[in-house]
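Residue numbers for the sequence shown follow full-length UniProt numbering, so the first one is 1 and each next one is one higher.
Glycine included, every Cβ here is placed at the ideal spot set by N, Cα and C.
Predicted model only: the values in this text are computed from it and were never measured.
Report on the structure given below.
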Amino acid sequence: MSGKERGVMKLIWKHFVASLKPNFNRPKLIGTDYFDDHEQEIPAEWESWLRYRRTEPPTIEEIETNYQIAKLKKENAAKIAAKFANSKSETPQLLNAKKGQQSFPTYEEYKND
Numbered sequence: 001m002s003g004k005e006r007g008v009m010k011l012i013w014k015h016f017v018a019s020l021k022p023n024f025n026r027p028k029l030i031g032t033d034y035f036d037d038h039e040q041e042i043p044a045e046w047e048s049w050l051r052y053r054r055t056e057p058p059t060i061e062e063i064e065t066n067y068q069i070a071k072l073k074k075e076n077a078a079k080i081a082a083k084f085a086n087s088k089s090e091t092p093q094l095l096n097a098k099k100g101q102q103s104f105p106t107y108e109e110y111k112n113d
């Protein structure tokens with residue numbers, strides 16, 4: 001043999017040894033994004049521009065405004081969740097919940113006497 005064979009046994013051994021080692025391949029943080037988060041998400045404005053859904057790239061003011069709106073929505077959602085956290089039931093109940101035929105509306109002009 002010329003020595004340039006594929007080395008199947010060597011390849012199998014290499015992958016076997018690699019499978020026994022713990023995998024510490026975590027994404028490395030290159031930097032922080034615009035909002036100092038360590039997430040790797042692209043703001044929706046930039047993503048729409050990159051996918052040709054808009055013609056002009058977003059401005060810093062637009063991104064900041066949308067970020068403040070999103071932050072306000074999160075705060076309001078937390079307030080609402082805290083307000084209803086002490087309620088006894090998760091879902092609202094109807095006061096006079098009827099079942100079966102009684103749940104349909106009845107009208108005097110359509111009643112048979």
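Limits of the unbroken alpha helix (DSSP H) element including residue i
{"i": "Phe16", "result": "8-20"}
{"i": "Glu62", "result": "60-83"}
{"i": "Ser48", "result": "44-50"}
Whole-Å CB distance - residue i paired with residue j, under 8 Å assumed
{"i": "Glu75", "j": "Pro58", "result": "Incorrect: roughly 23 Å between the Cβ atoms, too far for contact."}
Proximal residues to residue i (C-beta, below 7 Å), its chain only, five neighbours per side dropped
{"i": "Ser48", "result": "Arg54"}
Cut-off 8 Å between Cβ atoms - residues of its own chain near residue i, not counting five sequence neighbours on either side
{"i": "Leu50", "result": "Ile42"}
Spatial neighbours of residue i in its chain, beta-carbon cut-off 6 Å, leaving aside the 5 residues before and after
{"i": "Leu11", "result": "none"}
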